[in-house]
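I have placed the structure first, in the form of structure tokens, so that the comments after it can refer back to it.
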Amino acid sequence: MKILLHKNFKKQYKKLRIGEKRKFKERRDIFLENPLHPLLNNHTLHGEYAGFRSININGDIRVLYEPIGKSTAHFIIIGTHHELFGS
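The opening position of the sequence shown corresponds to residue 569 in the working numbering, with each subsequent residue numbered one higher.
Written as structure tokens, this is what we have:
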């Protein structure tokens, strides 16, 4: 699996706390090995984000990504559930 980073993702990632960045790296490594690992709660999105998928980083932080084929993921944005979905 290959990961591409969108400019919005990079911008939001810089704002994360050190512990959140560390947790992201742990989950990213899991994602690279097995994108459907149960810890990630990888699932499709609907409505405004139809065509995207979401993975859990910690209790509240999510990464939204767009699958590109079977071997690439384009990480679009990272943020809290509230920041991304408003509820």
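Where is the CB? At the ideal position from N, CA and C, for every residue including glycine.
Here the structure is a predicted model, which means the values were calculated and not measured.
By the three-class DSSP mapping on this structure, what secondary structure does Ile571 have? Residue numbering aside, residue 571 sits at position 3 when the sequence shown is read from its first letter. The answer is strand: DSSP assigns Ile571 an E or B state.
By DSSP, does Pro606 sit in helix, in strand, or in coil? Numbered from its first residue, the sequence shown carries residue 606 at position 38. Reduced to three states, the DSSP call for Pro606 is helix.
Could you tell me the distance, in whole angstroms, from the CA atom of Met569 to the CA atom of Leu607? Translated into the one-based positions of the sequence shown, residue 569 becomes position 1. Translated into the one-based positions of the sequence shown, residue 607 becomes position 39. Distance between the alpha carbons of Met569 and Leu607: 17 Å.
Looking at the secondary structure, which residues open and close the alpha helix (DSSP H) in which Gly587 lies? Residue 587 sits at position 19 when you count from the first residue of the sequence shown. It spans Ile586 to Glu601 - the alpha helix (DSSP H) in which Gly587 sits, taken as one unbroken run.
Gly654 and Arg630 closer than 8 Å at C-beta: Here residue 654 corresponds to residue number 86 of the sequence shown, with the count starting at 1. Here residue 630 corresponds to residue number 62 of the sequence shown, with the count starting at 1. In this structure, Arg630 does not lie closer than 8 Å to Gly654 by Cβ.
Considering only residues of the same chain and omitting the five flanking positions on each side of Asn624, which have a CB-CB separation below 8 Å? Against the sequence shown, residue 624 aligns to sequence position 56. For Asn624, where only same-chain residues beyond five positions count, the Cβ hits under 8 Å are Arg595, Leu607, Leu608, Asn609 and Arg630.
Tell me which residues share the same chain as Lys578 and place their Cβ nearer than 6 Å to its Cβ, disregarding the 5 neighbours each side in the sequence. On the sequence shown, position 10 is the one that residue 578 refers to. Answer for Lys578: no residue qualifies.
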